[in-house]
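>
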Ligand SMILES: [Zn+2]
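Residue numbers (this note's numbering): 2 to 307.
(1) So, helix, strand or coil for residue 209, using DSSP?
(2) When DSSP labels each residue in this structure, what does residue 54 get in the three-state scheme?
(3) For ligand 1, is there a heavy atom less than 6 angstroms away from the beta-carbon of residue 113?
(4) Out of 214, 160, 38, 297, point me to the one whose CA is closest to residue 198's CA.
(5) On the DSSP bridge assignment, give the partners of residue 281 in chain order.
(6) By DSSP's criteria, residue 154 is part of a beta bridge. Which residues make up the other side?
(7) Using 10 angstroms around the beta-carbon of residue 164, count the other beta-carbons present and answer buried if the total reaches 16, otherwise exposed.
(8) As an exercise, report each continuous alpha helix (DSSP H) stretch of at least 4 residues that is fully enclosed by the stretch 91–148, in chain order.
(9) Report yes if the C-beta distance between residue 123 and residue 172 is below 7 angstroms; otherwise report no.
(10) Have a look at residue 304 and residue 128 and give me their C-alpha separation to the nearest angstrom.
(11) Kindly provide the ranges of any alpha helix (DSSP H) runs that are 4 or more residues long and lie completely inside the stretch 225–266, ordered along the chain.
(12) Taking 7 angstroms as the threshold (C-beta atoms), are residue 8 and residue 107 in contact?
(13) Going by C-alpha distance, which of 81, 65, 30 is nearest residue 195?
(14) Is the distance from the Cβ of residue 282 to the Cβ of residue 54 below 7 angstroms?
(15) Answer with buried or exposed for residue 226, where buried requires no fewer than 16 other C-beta atoms within 10 angstroms of its C-beta.
(16) Closer than 6 angstroms by C-beta to residue 247: which residues in its own chain qualify, once you throw out the five before and the five after it? Chain order, please.
(17) Using the C-alpha atoms, what's the distance from residue 167 back to residue 243?
(18) Apart from the five residues on each side of it in sequence, which residues of its chain come closer than 6 angstroms, Cβ to Cβ, to residue 140?
(19) Quick check on the contact list: which residues have their beta carbon closer than 5 angstroms to a heavy atom of ligand 1?
(20) Under DSSP, the alpha helix (DSSP H) around residue 178 begins and ends at which residues?
(21) Would you give the residue range spanned by the beta strand (DSSP E) that residue 167 belongs to?
(22) Mind checking residue 182: buried by the 16 CB within 10 Å criterion, or exposed?
(23) Take residue 151 and list the residues in its own chain whose beta-carbon comes closer than 6 angstroms to its own, dropping the five residues that flank it on each side.
(24) Using three-state DSSP, classify residue 28 as helix, strand or coil.
(25) Residue 265: buried (16+ other C-beta within 10 angstroms of its C-beta) or exposed?
Next comes the structure, spelled out in structure tokens:
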């Protein structure tokens with residue numbers, strides 16, 4: 002498996018980065034979809050878990066390098082790795098580099114060159130790499146990207162700080178408070194152009210202030226979906242994760258985005274699909290389907306993105 006898949010979107014070069022793997026309960030990943038249906042498309046292991054990526058996107062932008070989402074980071078221990086089926090994110094005994102840092106290096110860059118970090122939302126598998134700990138007896142998390150401004154929806158940071166019994170396990174303060182302590186958050190509100198051609202598109206449902214990132218350049222468009230459509234298996238509108246706090250809002254967010262994506266032939270970049278990195282959305286018989294698929298094993302079909 003390669004760690005970097007480079008995709009050109011108009012004038013922008015983007016690198017999809019493999020930040021590690023996790024394995025989550027297949028039933029939770031497909032919500033109300035019965036196991037006989039989902040297990041035909043993706044086989045569970047002996048603990049009923051399916052393999053998932055933690056993919057991030059690096060964009061070479063004229064205003065500086067942009068990193069969208071940061072995978073798990075290096076702060077979690079072996080027990081955490083076992084519960085969530087984490088592998089390859091970092092050494093759970095503590096240490097660096099993380100697989101995300103390896104992938105950034107393979108793309109030809111260093112962490113200190115990242116100018117912007119944008120989070121789809123602040124769950125640990127998307128924002129864990131925002132911060133890092135070194136060694137020592139009492140390690141303190143600090144921002145992983147010393148020269149970056151971090152961007153998230155203002156209401157998502159507020160949501161992460163006010164959890165309840167249902168949402169608590171996903172929001173770990175060490176992933177976002179050290180950024181606040183250094184006053185590095187740039188908080189956005191609603192849909193907006195964060196940088197030229199880089200748009201926040203609110204896609205509520207997984208969490209109320211989830212955002213997908215739409216990259217537009219020279220007539221081409223790619224969307225980094227985050228947890229709106231975590232894998233290509235989730236393209237059918239009703240295939241929605243049990244983890245989503247507002248599944249009917251996910252449904253409407255998906256419906257709106259996929260209509261537009263199919264009409265304009267957007268590239269879809271999947272954060273959690275263990276195989277499919279990116280594909281171009283086209284209309285299928287029952288749901289949107291993909292053309293120009295690019296996979297982590299490098300077996301690309303069709304002509305590939307231009
Ligand atoms: Zn996720």
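Cβ coordinates follow ideal geometry from the N, Cα and C atoms, glycine included.
Quick caveat, the model's predicted, so the values are computed rather than measured.
On the basis of the data shown:
(1) Within the chain shown, the letter at position 208 stands for residue 209. If DSSP states are grouped into helix, strand and coil, residue 209 belongs with coil.
(2) Walking along the chain shown from the start, residue 54 turns up at place 53. DSSP places residue 54 in strand when its eight states are reduced to three.
(3) Residue numbering aside, residue 113 sits at position 112 when the chain shown is read from its first letter. Residue 113: no, Cβ never under 6 angstroms from ligand 1.
(4) Taking the chain shown and counting its residues from 1, the one referred to as residue 198 is at position 197. Answer by Cα proximity: 214.
(5) In the chain shown, the residue the question calls residue 281 occupies position 280. Per DSSP, 268, 292.
(6) In the chain shown, the residue the question calls residue 154 occupies position 153. The partner list for residue 154 (beta bridge, DSSP) reads 189.
(7) The sequence position of residue 164 within the chain shown is 163, counting from 1. By the 10 Å Cβ count, residue 164 comes out exposed.
(8) 100–107, 125–128
(9) Sequence index remark: in the chain shown, residue 123 carries index 122 (1-based). Sequence index remark: in the chain shown, residue 172 carries index 171 (1-based). Closer than 7 angstroms, so yes.
(10) Working through the chain shown from its first residue, we reach residue 304 at position 303. Working through the chain shown from its first residue, we reach residue 128 at position 127. Bear in mind that a pLDDT of 41 at residue 304, under 50, signals an unreliable position, so the model cannot answer this.
(11) 248–265
(12) Walking along the chain shown from the start, residue 107 turns up at place 106. Walking along the chain shown from the start, residue 8 turns up at place 7. No, these two residues do not count as a Cβ contact at 7 angstroms.
(13) For this step, residue 195 is matched to residue 194 along the chain shown. Minimum Cα distance to residue 195 is reached at 65.
(14) Along the chain shown, read from residue 1 onward, the residue named residue 282 stands at position 281. Along the chain shown, read from residue 1 onward, the residue named residue 54 stands at position 53. Not in contact: residue 282 and residue 54 (Cβ atoms no closer than 7 angstroms).
(15) Within the chain shown, the letter at position 225 stands for residue 226. Classification of residue 226: buried, given that the 10 Å Cβ count is 16 or more.
(16) Residue mapping note: residue 247 aligns to position 246 of the chain shown, counting from 1. Cβ within range, chain order: 206.
(17) Taking the chain shown and counting its residues from 1, the one referred to as residue 243 is at position 242. Taking the chain shown and counting its residues from 1, the one referred to as residue 167 is at position 166. If I take the Cα positions, the gap works out to 12 angstroms.
(18) Position 139 of the chain shown, counted from the first residue, corresponds to residue 140. Taken in chain order, the residues that qualify are 134.
(19) 126, 228
(20) Counting from one through the chain shown, the residue named residue 178 turns up at place 177. Segment 178–182, the alpha helix (DSSP H) holding residue 178.
(21) Within the chain shown, numbered from 1, the residue matching residue 167 stands at position 166. Where residue 167 is concerned, there is no enclosing beta strand (DSSP E), given that its DSSP letter is neither H nor E.
(22) Against the chain shown, residue 182 aligns to sequence position 181. Burial call: exposed.
(23) Counted from its first residue, the chain shown places residue 151 at position 150. The residues are 118, 180, 185, 186.
(24) Against the chain shown, residue 28 aligns to sequence position 27. Of the three classes helix, strand and coil, the one that applies to residue 28 here is helix, per DSSP.
(25) For the purposes of this step, residue 265 is taken as residue 264 along the chain shown, with counting starting at 1. Exposed is the call here.
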